[in-house]
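**Student:** Residue numbers (the working numbering): 30 to 298. Can you keep this structure in mind? I'll have questions shortly.
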């Protein structure tokens, strides 16, 4: 069966879409289906032969909006694999929106997609910044990601945004971004108008399946050298009272730092 978007008949009262693809080699079974969810009630995504319909309810007629596919979901649900699958079916390039994978280093610990897994698909903002200099803010991400979208669109390619950092995704997509407002705390001042024509895909996985997969993934990461990678990254002189920033907020880093303080690594190249 060819992949495609469709709207389930029993969900006509909501703006749900599902995306089904054949299961490529190496895919987990639950990665073959994803659902979009209505992030903003006013959004009514429709697809026409002439192209994608506008995704926001109040569009500025004098401005052309770029099309963007946005893949969201919890850690380990298969967002990266789905983005590769889409990018090998359409002329597309991928923009990372994970606030930890945006930094260089700790490729195993942060579970960056490896070069051989990318199948030749260009990736943007993946390991491009040095976290030892400064932490990337949502405002900065909005700027660099918007430039990437413009660049990709100018070459008649489709930008695919993949990652689970909602603060980055919100900052990039809303038309008017206020860095002082918290969009996840019920603020009335948050903009609901999008500056791109978006197709949202939410990867949904049952907790039982996800838990089993994450356990196996951690075992694979340890087998690939995660412990050795973290031992080299460990700094015994770091001030524990200082707030964690950048790569030091990655899952696994604080936990292993505590371990290494009790059991210092035997060698550090």
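Just so you know, even glycine gets a beta-carbon here, dropped at the ideal spot from N, CA and C.
In three-state DSSP terms, what is residue 150?
**Tutor:** Position 121 of the chain shown holds residue 150. Coil.
**Student:** With 16 other CB atoms within 10 Å as the buried threshold, where does residue 200 fall?
**Tutor:** The count along the chain shown starts at 1 and reaches residue 200 at position 171. Answer is buried; the Cβ neighbour count reaches 16.
**Student:** Does the structure place the region 273-286 close enough to the region 154-173 that three or more beta carbon pairs sit under 8 Å?
**Tutor:** Yes, the region 154-173 touches the region 273-286.
**Student:** Can you find the residues in the same chain that come closer than 7 Å, C-beta to C-beta, to residue 171, ignoring five residues on each side of it along the sequence?
**Tutor:** The sequence position of residue 171 within the chain shown is 142, counting from 1. Cβ within range, chain order: 200, 201 and 206.
**Student:** If you draw a straight line from the alpha carbon of residue 120 to that of residue 154, how long is it in whole angstroms?
**Tutor:** For this step, residue 120 is matched to residue 91 along the chain shown. For this step, residue 154 is matched to residue 125 along the chain shown. Distance between the alpha carbons of residue 120 and residue 154 is about 19 Å.
**Student:** Would the region 121-131 and the region 232-252 be scored as touching if the rule is three or more Cβ pairs under 8 Å?
**Tutor:** At 8 Å Cβ cutoff, the stretches do not touch.
**Student:** Tell me whether residue 122 sits in a helix, a strand or coil according to DSSP, three-state version.
**Tutor:** The residue you call residue 122 lines up with position 93 of the chain shown. It is a strand residue.
**Student:** Relative to the alpha-carbon of residue 99, which residue among 148, 176, 93 and 112 has its alpha-carbon at the smallest distance?
**Tutor:** In the chain shown, counting from the first residue as 1, residue 99 sits at position 70. Nearest option by C-alpha distance: 112.
**Student:** Would you mind stating whether residue 96 and residue 224 have Cβ atoms separated by less than 8 Å?
**Tutor:** Taking the chain shown and counting its residues from 1, the one referred to as residue 96 is at position 67. Taking the chain shown and counting its residues from 1, the one referred to as residue 224 is at position 195. It is not a contact, given that the beta carbons lie outside the stated cut-off.
**Student:** Can you give, in chain order, each stretch of the beta strand (DSSP E) that sits fully within the region 191-277 and has at least 3 residues?
**Tutor:** Entirely contained in the region 191-277, the beta strand (DSSP E) runs reaching 3 residues are, in chain order, 226-232.
**Student:** In terms of residue numbering, what span does the alpha helix (DSSP H) encompassing residue 291 cover?
**Tutor:** For the purposes of this step, residue 291 is taken as the residue at position 262 of the chain shown. Segment 282-291, the alpha helix (DSSP H) holding residue 291.
**Student:** Measure the C-alpha to C-alpha separation of residue 292 and residue 285 and round it to an integer number of angstroms.
**Tutor:** What you label residue 292 is simply residue 263 of the chain shown in a count that begins at 1. What you label residue 285 is simply residue 256 of the chain shown in a count that begins at 1. Taking the straight line from one Cα to the other gives about 10 Å.
**Student:** Residue 191 and residue 109: beta carbons closer than 8 Å?
**Tutor:** Within the chain shown, the letter at position 162 stands for residue 191. Within the chain shown, the letter at position 80 stands for residue 109. Contact flag set, yes.
**Student:** As a quick exercise: from 143, 195 and 203, pick the residue whose alpha carbon is nearest that of residue 94.
**Tutor:** Reading the chain shown from its first residue, position 65 is the one you call residue 94. Looking at the Cα atoms, 203 is the closest of the given residues.
**Student:** What are the complete alpha helix (DSSP H) segments, minimum 4 residues, inside the region 152-189?
**Tutor:** Complete alpha helix (DSSP H) runs here, min 4: 167-183.
**Student:** Mind checking who residue 100 pairs with in its DSSP beta bridge?
**Tutor:** In the chain shown, counting from the first residue as 1, residue 100 sits at position 71. 191 and 230.
**Student:** So is residue 128 buried or exposed if we call it buried at 16+ other beta carbons inside 10 Å?
**Tutor:** The sequence position of residue 128 within the chain shown is 99, counting from 1. Classification of residue 128: buried, given that the 10 Å Cβ count is 16 or more.
**Student:** Hey, out of 250, 196, 194 and 179, whose CA is closest to residue 188's CA?
**Tutor:** One-based indexing of the chain shown puts residue 188 at position 159. The option with the nearest alpha carbon to residue 188 is 179.
**Student:** Cα separation between residue 149 and residue 140?
**Tutor:** Taking the first residue of the chain shown as position 1, residue 149 is located at position 120. Taking the first residue of the chain shown as position 1, residue 140 is located at position 111. Each residue's alpha carbon lies about 18 Å from the other.
**Student:** With respect to the alpha helix (DSSP H) encompassing residue 110, which residues constitute its N-terminal and C-terminal limits?
**Tutor:** The residue you call residue 110 lines up with position 81 of the chain shown. Looking at the DSSP string, the run of the alpha helix (DSSP H) that includes residue 110 is 108-116.
**Student:** When you compare only the Cα positions, how much space is there between residue 137 and residue 248?
**Tutor:** On the chain shown, position 108 is the one that residue 137 refers to. On the chain shown, position 219 is the one that residue 248 refers to. Distance between the alpha carbons of residue 137 and residue 248 is about 12 Å.
**Student:** CB of residue 133 to nearest heavy atom of the ligand GDP: below 7 Å?
**Tutor:** As far as ligands go, the structure on display features none, and thus does not contain the ligand GDP.
**Student:** Whose C-beta lies closer than 6 Å to the C-beta of residue 101 among residues of the same chain, with five residues either side of it excluded?
**Tutor:** Here residue 101 corresponds to residue number 72 of the chain shown, with the count starting at 1. Within the same chain, residue 101 has close Cβ partners 231.
**Student:** Which residue wins for smallest C-alpha separation from residue 156, given the options 169, 283, 146 and 135?
**Tutor:** For this step, residue 156 is matched to residue 127 along the chain shown. Checking every option, the nearest Cα to that of residue 156 belongs to 135.
**Student:** Going by the beta-carbon positions, is the gap between residue 263 and residue 236 smaller than 8 Å?
**Tutor:** Your numbering for residue 263 matches position 234 in the chain shown. Your numbering for residue 236 matches position 207 in the chain shown. No, these two residues do not count as a Cβ contact at 8 Å.
**Student:** Using the C-alpha atoms, what's the distance from residue 186 back to residue 252?
**Tutor:** As a first step, residue 252 must be located in the chain shown, where it is residue number 223. As a first step, residue 186 must be located in the chain shown, where it is residue number 157. Each residue's Cα considered, the two are about 37 Å apart.
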